[in-house]
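What follows is a set of notes on a single structure, which appears directly below.
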Amino acid sequence: MRKSVGTLTMAALLLAAAVAYGAEGPTEGSLPYDRFETTETCADCHSEIARQHARSLMAQSFTHEWDEIEYFELALPHALKNEKVAGVKSGCNGCHAPLAYLAGDIPPKHPSEGTRANEGVSCDVCHSITGFSGDVPFNFNYTMAPGTAKQGTRPGMESEYHEIAVNEFLASGEFCGICHNEKDPFGVWVKATHLEWKEGPYARAGITCQKCHMPPADGTLSDGGPEVKGVRRHTFHGVHFPEKLNGAVEVLLYPRESSVATGGAIVVDATVMNAKAGHMIPSGSAEERVVWMHVEATDSGGRKWHLPVDRKGFEGEDWTIADPAVLSYQDLGEIRGIAKFPGLARDGDVPAGDRIFRMPYLDPAGRMTIAQWNTASLGPDYRLPPLQAIGETFTWQLPPGVAKGETTIRATVYMTRVVSSVVDYMKIPATEKEPTVMGQTEVTLLVR
Numbered sequence: 000m001r002k003s004v005g006t007l008t009m010a011a012l013l014l015a016a017a018v019a020y021g022a023e024g025p026t027e028g029s030l031p032y033d034r035f036e037t038t039e040t041c042a043d044c045h046s047e048i049a050r051q052h053a054r055s056l057m058a059q060s061f062t063h064e065w066d067e068i069e070y071f072e073l074a075l076p077h078a079l080k081n082e083k084v085a086g087v088k089s090g091c092n093g094c095h096a097p098l099a100y101l102a103g104d105i106p107p108k109h110p111s112e113g114t115r116a117n118e119g120v121s122c123d124v125c126h127s128i129t130g131f132s133g134d135v136p137f138n139f140n141y142t143m144a145p146g147t148a149k150q151g152t153r154p155g156m157e158s159e160y161h162e163i164a165v166n167e168f169l170a171s172g173e174f175c176g177i178c179h180n181e182k183d184p185f186g187v188w189v190k191a192t193h194l195e196w197k198e199g200p201y202a203r204a205g206i207t208c209q210k211c212h213m214p215p216a217d218g219t220l221s222d223g224g225p226e227v228k229g230v231r232r233h234t235f236h237g238v239h240f241p242e243k244l245n246g247a248v249e250v251l252l253y254p255r256e257s258s259v260a261t262g263g264a265i266v267v268d269a270t271v272m273n274a275k276a277g278h279m280i281p282s283g284s285a286e287e288r289v290v291w292m293h294v295e296a297t298d299s300g301g302r303k304w305h306l307p308v309d310r311k312g313f314e315g316e317d318w319t320i321a322d323p324a325v326l327s328y329q330d331l332g333e334i335r336g337i338a339k340f341p342g343l344a345r346d347g348d349v350p351a352g353d354r355i356f357r358m359p360y361l362d363p364a365g366r367m368t369i370a371q372w373n374t375a376s377l378g379p380d381y382r383l384p385p386l387q388a389i390g391e392t393f394t395w396q397l398p399p400g401v402a403k404g405e406t407t408i409r410a411t412v413y414m415t416r417v418v419s420s421v422v423d424y425m426k427i428p429a430t431e432k433e434p435t436v437m438g439q440t441e442v443t444l445l446v447r
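FYI, numbering that gives the first Met the number 0 numbers position 61 of the sequence shown as 60, with every residue one higher than the one before it.
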């Protein structure tokens with residue numbers, strides 16, 4: 000029977016006792032591949048929806064290059080030699096290659112082998128989910144009923160090929176939470192996107208995950224069918240789509256004075272707000288994302304000057320200020336069998352002194368890690384909550400050489416999907432480290 004999070008608070012969830020890596024759900028090997036339709040079969044009648052899905056990260060959840068590298072070069076080797084994390088050998092696939100997990104094809108063959116694991120989160124996987132087991136959706140604790148009846152949300156529909164079971168669960172946030180909440184082998188909530196939403200203003204307003212990531216549009220549900228309103232787009236736009244990130248963060252600047260004398264100092268206040276996401280920014284694979292604010296001044300002669308953020312003095316603040324001298328990710332060497340691996344630049348290419356909005360994931364030795372399954376604890380949470388602002392200040396002591404006249408101060412919030420030092424070291428496609436602008440603003444002041 001489907002259950003929801005109900006009145007459980009985030010605090011209570013985070014204090015919950017550790018559980019096994021896989022929550023209660025269909026067991027590994029309980030449903031062979033042939034119990035599920037192929038994506039190609041679904042496309043025979045739903046070609047437009049299938050085209051949308053094919054471009055999504057749902058379809059690429061197993062074949063996407065970074066996911067492929069992370070599983071086959073890091074998670075799987077680690078699971079084979081460390082009993083504590085052995086569960087990730089199959090557990091990763093409960094969400095990234097559910098057909099393989101359910102068929103017991105573990106570990107799945109490499110994507111180059113072309114098995115049905117490559118279908119990722121396929122059409123029939125989602126449309127066979129009836130609910131979840133337990134009190135909280137997490138760690139692929141879906142309940143499944145593959146067969147002739149496909150789960151959907153629209154009443155009054157008929158199909159010549161299959162039955163339609165109307166199930167509003169597919170329109171709920173809990174449906175997404177099945178794979179977008181994750182507790183690792185150490186009992187740490189390493190993904191809590193649904194739980195973040197559940198505790199936030201979007202859930203209170205009735206704005207579900209699907210309303211942002213599967214927006215409705217007029218269209219047809221099947222080839223040759225009538226046009227209807229509110230057909231969900233199956234593109235699942237998220238962090239891999241710059242258009243989704245643009246404008247997600249609102250940045251405002253307020254110089255405390257309208258002018259400053261050469262050689263003087265001025266304080267610039269900044270307000271940074273998560274204006275568009277119903278969860279934290281960053282969320283999901285937050286251990287590998289880097290979101291930071293860069294502020295620079297451009298004087299009347301075109302010369303640029305970097306403004307580092309002012310420190311606030313809170314515990315653990317060093318994690319949130321970029322420092323090119325700090326090394327992290329030493330557990331990559333341990334996972335790969337490299338003795339005395341020194342680590343990689345914690346903040347990658349982020350300029351020194353920039354504010355980073357992050358929650359550090361810490362390995363058993365207390366070092367920052369991008370291996371979510373090897374996360375034993377979490378550092379201070381300095382991410383951007385939905386519809387909440389964070390204030391920052393930047394004190395600019397004008398150095399010699401600043402030209403008199405109008406100076407522009409610009410603040411930009413960027414995101415990279417994977418920290419650049421890890422991208423370079425693991426030979427991940429460079430697109431994963433390309434900065435995307437999430438928000439930007441500028442103001443002018445007079446240097447006299």
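Ideal placement from N, C-alpha and C gives every residue a C-beta, glycine not left out.
No experiment lies behind these values; they were computed from the predicted model shown.
Between the options, which has its C-alpha nearest residue i's C-alpha?
i: residue 409; options: 442, 418, 434, 430; result: 442
i: residue 419; options: 294, 287, 28, 298; result: 287
i: residue 196; options: 136, 150, 73; result: 136
i: residue 204; options: 277, 259, 77; result: 277
i: residue 341; options: 348, 303, 347, 332; result: 332
i: residue 187; options: 400, 377, 218; result: 377
i: residue 244; options: 358, 282, 108; result: 282
i: residue 316; options: 380, 327, 226; result: 380
i: residue 370; options: 66, 98, 52, 193; result: 66
i: residue 176; options: 57, 310, 139, 30; result: 139
i: residue 120; options: 165, 337, 233; result: 233
i: residue 301; options: 79, 403, 132, 180; result: 403
i: residue 253; options: 312, 167, 394; result: 394
i: residue 99; options: 432, 258, 31; result: 31
i: residue 327; options: 345, 305, 166; result: 345
i: residue 219; options: 153, 164, 198; result: 153
From the DSSP output, in three-state form, read off residue i for me.
i: residue 286; result: coil
i: residue 393; result: strand
i: residue 281; result: coil
i: residue 444; result: strand
i: residue 406; result: strand
i: residue 5; result: Summary for residue 5: the model assigns pLDDT 36, below 50, so the residue's position carries little reliability; its value from the coordinates is reported in the next sentence. It is coil, neither helix nor strand.
i: residue 10; result: Caution is warranted here: a pLDDT of 43 is assigned to residue 10, below 50, making its placement in the model unreliable, and no coordinate value can be reported.
i: residue 137; result: coil
i: residue 111; result: helix
i: residue 17; result: The pLDDT assigned to residue 17 is 35, lower than 50, so where the model puts this residue is not dependable; a value taken from the coordinates is nonetheless given after this. Note: residue 17 maps to coil in three-state DSSP.
i: residue 64; result: helix
i: residue 332; result: helix
i: residue 433; result: coil
i: residue 0; result: At residue 0, the pLDDT of 32 sits below 50, so the modelled position is not reliable; the number obtained from the coordinates is stated separately. In this structure, residue 0 counts as coil in the three-state DSSP scheme.
i: residue 180; result: strand
i: residue 87; result: helix
i: residue 40; result: helix
i: residue 427; result: coil
Roughly how many angstroms separate the alpha carbons of residue i and residue j, rounded to a whole number?
i: residue 61; j: residue 414; result: 23 Å
i: residue 392; j: residue 174; result: 40 Å
i: residue 221; j: residue 59; result: 23 Å
i: residue 41; j: residue 223; result: 14 Å
i: residue 10; j: residue 405; result: Below a pLDDT of 50, predicted positions are generally treated as unreliable, and residue 10, at 43, falls in that range; the measurement from the model is reported next regardless. Near 49 Å, if we compare the C-alpha coordinates of residue 405 and residue 10.
i: residue 241; j: residue 211; result: 15 Å
i: residue 527; j: residue 373; result: Here the chain covers residues 0 to 447 and nothing more, so residue 527 does not appear.
i: residue 35; j: residue 146; result: 7 Å
i: residue 159; j: residue 44; result: 10 Å
i: residue 360; j: residue 72; result: 20 Å
i: residue 295; j: residue 321; result: 15 Å
i: residue 297; j: residue 55; result: 40 Å
i: residue 255; j: residue 267; result: 6 Å
i: residue 324; j: residue 350; result: 11 Å
i: residue 172; j: residue 398; result: 52 Å
i: residue 14; j: residue 70; result: Residue placement at residue 14 is flagged as unreliable, the pLDDT there being 41, under the threshold of 50; a coordinate-derived value is accordingly withheld.
i: residue 48; j: residue 396; result: 56 Å
Less than 8 Å separating the beta-carbons of residue i and residue j?
i: residue 247; j: residue 425; result: no
i: residue 64; j: residue 434; result: no
i: residue 448; j: residue 86; result: It is not possible to answer for residue 448, since the shown part of the chain is limited to 0 through 447.
i: residue 68; j: residue 88; result: no
i: residue 148; j: residue 209; result: no
i: residue 280; j: residue 444; result: no
i: residue 74; j: residue 91; result: yes
i: residue 239; j: residue 411; result: no
i: residue 77; j: residue 355; result: no
i: residue 447; j: residue 258; result: yes
i: residue 423; j: residue 368; result: no
Which whole-angstrom value is the C-beta distance of residue i and residue j, which I expect to be below 8 Å?
i: residue 129; j: residue 116; result: With a Cβ gap of about 23 Å, residue 129 and residue 116 do not count as contacting.
i: residue 388; j: residue 271; result: 7 Å
i: residue 269; j: residue 250; result: 7 Å
i: residue 308; j: residue 352; result: 6 Å
Is there a Cβ of chain D sitting closer than 8 Å to that of residue i, yes or no?
i: residue 243; result: In the displayed structure, chain D is absent; only one protein chain is listed.
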